[in-house]
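For reference, the structure is listed below as structure tokens.
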Amino acid sequence: MSGRNVTIILVAVLGLFVLSNSLYVIKETERGVLLRFGEVVDPDITPGLHFKVPFVNNVRKFDGRVLTVDSQPERFFTQEKKALIVDSYAKFRVADTAKFYTATNGEESRAMGLLSQRINDGLRNQVAVRTIQEVVSGERDQLMEAITAQLDVVARDELGVEVVDVRVKQIDLPPDVSESVYRRMNAEREKEAREHRAQGRELAEGIQAAADREVTVISANAYRDAEQIRGDGDAEATRIYADSFNQDPEFYSFTRSLRAYQDAFQGSGDVLLIQPDSEFFRYLKDPKGGS
């Protein structure tokens with residue numbers, strides 16, 4: 001190969017190298033800054049194909065999408081000096097590329113660490129002015145809105161990022177406090193259960209007493225009605241017997257004597273000592289009952 005051809009090849013390779021280092025692309029999901037010897041000359045490069053001077057300019061690209069920083073659970077104290085373990089996260093995105101690059105050197109991990117510290121500081125301040133009831137349920141939404149607005153101002157000014165949202169994932173009591181709270185809640189529930197059982201027994205006894213009283217009243221009324229009906233029946237039977245026997249008193253006397261004989265002589269071992277002229281033998285001596 002001649003020296004001329006080698007020179008042409010070297011020039012072509014050098015040209016390709018220079019061209020490849022002169023062109024760069026910023027995607028729609030990216031944000032970028034153009035540097036010249038480390039100094040920011042273009043703080044917000046638009047998406048597309050761009051040109052830079054090799055070895056003079058440098059481009060730093062950042063993720064322009066919404067990112068998530070997941071903070072570690074921290075212990076905070078409420079207004080009543082009660083400890084809570086709060087686990088939170090935040091959504092943010094790069095708003096000012098120049099400030100973001102200056103504050104974090106373009107490192108997302110560093111930005112997340114700094115933002116996490118500010119989230120914890122903001123949460124500590126917000127929790128400190130609220131009671132445990134307000135933090136857990138009463139003003140939880142207001143707390144997140146307040147910390148989001150406050151943190152967004154600080155993050156824009158110091159880190160060049162926009163805080164989209166801050167959310168509390170979980171609020172727990174510390175293990176030592178949780179155990180004492182559990183014991184207190186258990187004691188309260190047991191006390192409440194005993195009260196309910198006592199009220200239930202009292203109500204059951206009242207119902208049982210009312211039922212027993214009702215049974216006694218119903219039984220007494222039924223016995224009274226039965227005795228009254230039985231008395232009316234006996235009176236009616238006596239009247240019927242009296243009417244029947246008054247129609248023929250002699251026949252009544254005869255049948256009564258026969259029943260007396262039957263009752264007296266039905267036993268095999270009975271012995272009667274009676275005078276022969278006794279009234280008992282009246283119809284035995286004379287079928288007509290003559291004396």
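Residue 1 is where the sequence shown starts when you use full-length UniProt numbering, and the numbers rise one by one after that.
Positions of the beta carbon are idealized from the N, C-alpha and C atoms, including for glycine.
Since the model is a prediction, treat every value here as computed from it, not as a measurement.
By DSSP's criteria, T131 is part of a beta bridge. Which residues make up the other side? Partner(s): none; T131 has no beta bridge.
Quick one: is D165 near chain C, going by C-beta distance under 8 Å? You won't find chain C in this structure, because it holds only one protein chain.
Cβ-based neighbour list, M112, same chain, cut-off 7 Å, excluding 5 preceding and 5 following: V69, listed in sequence order.
If you run the structure through DSSP and keep just helix, strand and coil, what is G106? coil
Under the three-state DSSP convention, the category K61 falls into: Three-state result, K61: strand.
DSSP puts D70 in a beta bridge; with which residues? Y89
Are at least three pairs of beta-carbons, each pair with one atom in the stretch 91–110 and one in the stretch 190–198, less than 8 Å apart? no
Identify every run of the beta strand (DSSP E) within the stretch 130–208, keeping only runs that are complete inside it and at least 3 residues long; order them along the chain. 161–172
Contact belief for I171 with V129 at Cβ below 8 Å, rounded distance in angstroms: That pair is no contact at about 16 Å.
Please check the pair F62 and T97, which I expect to be a contact at CB under 8 Å, by giving their CB distance rounded to whole angstroms. 6 Å
Helix, strand or coil: which one does DSSP assign to Y77? The amino acid occupying residue 77 in the given sequence is Phe; Tyr does not appear at that position. Three-state result, F77: strand.
Would you mind stating whether V153 and A95 have Cβ atoms separated by less than 8 Å? No, the pair does not count as a contact, with Cβ atoms beyond the cut-off.
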